[in-house]
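Structure, as structure tokens:
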Amino acid sequence: MAVLAVLASVATILQLFRPEAKGTDLQLASDLASSARPPVVEGTAKCTEAAGRWDWLTTGGVVTVAAGGTLMFHRLATDALPMLNGTWECDARDHRRYTFRWIQTGLTDTVRLSENGQLMTGANVMTGFKLSATRAR
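Counting with the working numbering, you get residues 6 to 142 for the letters of the sequence shown.
Below you can see the structure in the form of structure tokens.
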């Protein structure tokens with residue numbers, strides 16, 4: 006029953022960002038949904054490679070990853086106020102793996118930064134919904 010409630014919440018959030026999205030857009034990514042939480046380091050020099058603005062391809066919008074450990078999601082790049090706020094952490098063993106926690110939704114995403122630093126891919130750890138973003142130009 007709890008799983009259905011979470012999926013319903015995700016579907017509602019997804020429709021806010023992408024009204025054309027259907028239930029089939031929710032795909033499993035169990036390889037990223039690990040129950041063991043790795044040690045994390047917030048905002049250290051090695052962990053700030055993801056800092057900057059990202060075009061969120063999955064839902065649209067722009068995510069700003071601040072070097073200080075905070076996140077902001079703007080539905081449109083020109084929006085003055087963020088729609089969502091959150092925090093991020095970096096895996097101490099793998100400085101290209103990040104955990105994003107969104108305050109308003111309670112959702113948690115795990116993403117991996119590409120070697121060239123221009124792409125992030127991952128999934129929501131609770132639902133398996135796949136995510137991707139490219140560095141904004």
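In this text, a Cβ means the ideal position worked out from N, Cα and C, and glycines have one as well.
Range of the contiguous beta strand (DSSP E) that encloses residue i
| i | result |
| --- | --- |
| Thr63 | Neither: Thr63 is in no beta strand (DSSP E) and is coded neither H nor E. |
| Arg106 | 102–107 |
| Arg117 | 113–118 |
| Thr75 | 75–79 |
| Thr4 | Residue coverage of the chain in this structure runs from 6 to 142, which leaves residue 4 outside it and unanswerable. |
Where residue i falls, given that 16 or more other Cβ within 10 Å makes a residue buried
| i | result |
| --- | --- |
| Pro44 | Any reading at Pro44 needs caution, since the residue's pLDDT is 44, under 50, leaving its predicted position unreliable; the model's value is listed next. The residue is exposed, with fewer than 16 neighbouring Cβ atoms inside 10 Å. |
| Gly147 | Because residue 147 is not part of the residues shown, which for the chain are 6 to 142, the question remains open. |
| Asp99 | exposed |
| Ser35 | Because the pLDDT at Ser35 is just 29, under 50, the model does not fix this residue reliably, and the value given afterwards should be weighed accordingly. Ser35 is exposed by the Cβ-count criterion. |
| Ala138 | buried |
| Gly73 | exposed |
Nonlocal neighbours in the same chain, by C-beta distance under 6 angstroms from residue i, ignoring five residues either side
| i | result |
| --- | --- |
| Leu89 | Phe78, Trp107, Gln109 |
Residue(s) in a DSSP beta bridge with residue i
| i | result |
| --- | --- |
| Leu136 | Gly127 |
Sub-7 angstroms separation of residue i and residue j beta-carbons
| i | j | result |
| --- | --- | --- |
| Lys135 | Ala128 | yes |
| Ala85 | Val67 | no |
Same chain, Cβ closer than 7 angstroms to residue i, neighbours up to 5 away in sequence not counted
| i | result |
| --- | --- |
| Asp60 | Val67, Ala138, Thr139, Ala141 |
| Val70 | Ala55, Ala56, Gly57, Trp59, Leu76, Trp93 |
| Leu112 | Asn129, Met131 |
Close Cβ partners of residue i (< 8 angstroms) along its chain, the five nearest in sequence each way excluded
| i | result |
| --- | --- |
| Thr75 | Asn90, Gly91, Thr92, Trp93 |
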